[in-house]
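As you go down the protein sequences, you meet chains A and B in turn. Mind the numbering: the first sequence is residues 1 to 188 in our numbering, read in order. Mind the numbering: the second sequence is residues 1 to 188 in our numbering, read in order. Notes follow once the structure below has been shown.
There are 2 protein chains.
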Amino acid sequence: MDQVLCDFEGSFLVKYREKYPEEPFIPLEERNTFYIADQYAKLEPDMQDKARDIWNAEGFFLNLPEIKGGCQALTEMSQMEDVDVFICTSPLTFYKYCLQEKFKWVEDHLGPDWISRLVITKDKTMVHGDVLIDDKPRIRGVRDPPSWKQVLFTAPYNQKVDLRGRQRLNTWTDDCWRDIIEDFKKRI
Amino acid sequence: MDQVLCDFEGSFLVKYREKYPEEPFIPLEERNTFYIADQYAKLEPDMQDKARDIWNAEGFFLNLPEIKGGCQALTEMSQMEDVDVFICTSPLTFYKYCLQEKFKWVEDHLGPDWISRLVITKDKTMVHGDVLIDDKPRIRGVRDPPSWKQVLFTAPYNQKVDLRGRQRLNTWTDDCWRDIIEDFKKRI
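Given below as structure tokens:
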């Protein structure tokens with residue numbers, strides 16, 4: 001979900017600057033670690049906690065704007081022949097609000113039927129699939145290799161990542177995602 | 001989790017009888033449907049909603065007692081060589097409380113490390129594994145057949161179910177679970 005369907009980074013930065021207008025911040029184009037906290041920790045020691053307070057707050061997930069075109073693409077993808085779409089998302093360590101808010105987000109943006117397509121897990125390798133569209137540069141877990149091939153969804157912090165044979169998806173707003181899915185359908 | 005690790009049925013009945021002492025109820029040994037609501041609906045039309053109010057209430061999941069020996073068995077199972085244990089649980093349709101309470105339950109009863117072993121999904125066929133210990137008589141989903149073989153954890157409503165080649169696990173308090181896991185290890 002985060003940074004593939006939901007604009008975590010953009011929303012974080014807006015809320016962070018509202019709450020800490022005097023503090024240093026990292027512009028989106030300079031974000032270079034997968035976990036925001038890691039890069040904020042390098043600014044000043046306590047910035048990590050200040051950053052965490054933003055996404056751990058009640059309502060943060062619920063109010064995340066959509067990554068442009070993501071929900072429309074998912075809806076269309078789910079209507080493709082022989083394609084089953086699931087949303088696989090990892091919870092925050094501080095899970096008090098994010099679990100129910102991720103569910104509510106999916107319900108609000110995609111509809112209640114999508115709740116049964118939502119899988120919450122810290123280990124995405126345990127979920128079966130052919131393709132995983134995800135922004136994380138390196139996904140590890142108990143199952144190695146996983147059943148799926150990752151398509152790296154582009155985010156500022158993964159621009160320079162070694163693709164190791166993976167495809168990239170830069171945006172939902174052109175029809176590239178459709179070509180990728182059609183291509184996978186031919187291969188499997 | 002429910003009726004394998006957490007005593008959903010027993011706790012439901014106690015709370016239901018406390019809240020509706022004058023209403024008819026179904027003793028545990030007479031429970032014969034997987035979903036409680038289905039059987040309560042047959043008592044009187046509005047009993048289904050009354051029953052649902054019990055498990056949809058804040059704190060219901062959090063306070064579920066453990067199925068005897070379950071957490072100890074899981075802890076020991078996770079220490080077995082070449083065994084990775086995950087907890088795979090389906091959320092209620094009314095997910096407001098159960099998601100975070102399932103996480104908290106696991107944290108309280110098994111420890112914070114187990115959070116990363118928790119998978120929340122309505123479709124358990126999508127989760128990869130060799131064995132799924134589950135009380136549901138018939139588990140269906142997108143992946144058919146799933147990667148795992150089910151071991152049916154005994155509950156009142158699944159006593160007479162056709163096992164269709166499946167093994168049963170009646171309790172965590174003897175060492176049968178260990179034999180089942182060792183047996184699977186030999187087969188795979």
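Note that CB positions come from ideal geometry on N, CA and C, so glycine has one too.
Distance between beta carbons of residue j and residue i, contact taken as under 8 Å
i         : j         : result
Val-119/A : Val-83/B  : The pair is not a contact, with the Cβ atoms about 22 Å apart (cut-off 8 Å).
Glu-29/A  : Pro-137/A : That pair is no contact at about 17 Å.
Gln-48/A  : Ala-57/A  : That pair is no contact at about 15 Å.
Leu-64/B  : Phe-25/B  : Going by Cβ atoms, the distance from Leu-64/B to Phe-25/B rounds to 18 Å, so no, they are not a contact pair.
Thr-151/A : Gln-167/A : Thr is not the amino acid found at residue 151/A; the sequence shown has Val there. Contact flag correct, Cβ pair sits at about 5 Å.
Leu-163/A : Lys-104/A : Not really, about 34 Å apart at Cβ, beyond 8 Å.
Met-77/A  : Ile-188/A : Contact flag wrong, Cβ pair sits at about 15 Å.
Spatial distance of residue i from residue j (CA atoms)
i         : j         : result
Thr-93/B  : Lys-42/A  : 42 Å
Gly-129/A : Val-14/A  : 35 Å
Thr-121/B : Arg-17/B  : 30 Å
Thr-125/B : Val-131/B : 11 Å
Met-1/B   : Leu-99/B  : 12 Å
Pro-112/B : Lys-186/A : 42 Å
Cys-176/A : Asp-179/B : 50 Å
Lys-96/B  : Ile-54/B  : 14 Å
Thr-75/B  : Lys-102/A : 29 Å
Asn-158/A : Cys-88/A  : 19 Å
Phe-86/B  : Arg-117/A : 19 Å
Gln-39/A  : Pro-27/A  : 11 Å
Leu-110/A : Thr-171/A : 18 Å
Arg-140/B : Asp-135/A : 30 Å
Asp-144/A : Val-127/A : 12 Å
Pro-21/A  : Ile-133/A : 34 Å
Ala-73/B  : Gln-72/A  : 45 Å
Residue-chain proximity (residue i, chain B), Cβ-Cβ < 8 Å
i         : result
Val-83/A  : no
Val-142/A : yes
Gln-100/A : yes
Val-131/A : no
Tyr-35/A  : no
Lys-122/A : yes
Phe-103/A : yes
Among the options, nearest to residue i - alpha-carbon criterion
i         : options                                      : result
Tyr-35/A  : Ser-90/A, Gly-69/A and Cys-176/A             : Ser-90/A
Cys-6/A   : Lys-50/A, Val-106/A, Leu-28/A and Pro-24/A   : Val-106/A
Glu-66/B  : Thr-173/B, Gln-150/B and Arg-164/B           : Thr-173/B
Val-4/A   : Phe-153/A, Ser-11/A, Arg-117/A and Gln-167/A : Phe-153/A
Gly-59/A  : Gly-70/A, Gln-72/A and Ser-11/A              : Ser-11/A
Asn-32/A  : Gly-69/A, Met-77/A and Lys-160/A             : Lys-160/A
Lys-19/B  : Gln-39/B, Thr-171/B and Ala-51/B             : Ala-51/B
Leu-169/A : Pro-45/A, Gly-69/A, Glu-23/A and Asp-46/A    : Gly-69/A
Pro-45/A  : Trp-148/A, Asp-144/A, Glu-23/A and Arg-140/A : Glu-23/A
Asp-183/A : Asp-123/A, Ile-115/A, Met-80/A and Trp-114/A : Met-80/A
Asp-123/A : Gln-72/A, Ser-147/A, Pro-21/A and Ala-73/A   : Ser-147/A
Within-8 Å CB hit, residue i to chain A
i         : result
Val-212/B : Chain B is shown only over 1 to 188; residue 212/B falls outside these bounds and no answer can be derived.
Ser-116/B : yes
Val-127/B : yes
Val-86/B  : In the sequence as displayed, the identity of residue 86/B is Phe instead of Val. Yes, because at least one Cβ of chain A sits closer than 8 Å to the Cβ of Phe-86/B.
Lys-149/B : no
Lys-96/B  : yes
As assigned by DSSP and simplified to three states, the class of residue i
i         : result
Asp-2/A   : strand
Leu-43/B  : helix
Phe-153/B : strand
Val-85/A  : coil
Asp-183/A : helix
Gln-167/A : strand
Asp-174/A : coil
Asp-134/A : strand
Glu-23/B  : coil
Thr-121/A : strand
Val-106/A : helix
Val-161/B : coil
Glu-18/A  : helix
Glu-58/A  : coil
beta-carbon residue i near the ligand FAD non-hydrogen atom, thresh 7 Å
i         : result
Phe-153/B : Although the ligand FAD was asked about, the structure shown includes no ligands whatsoever.
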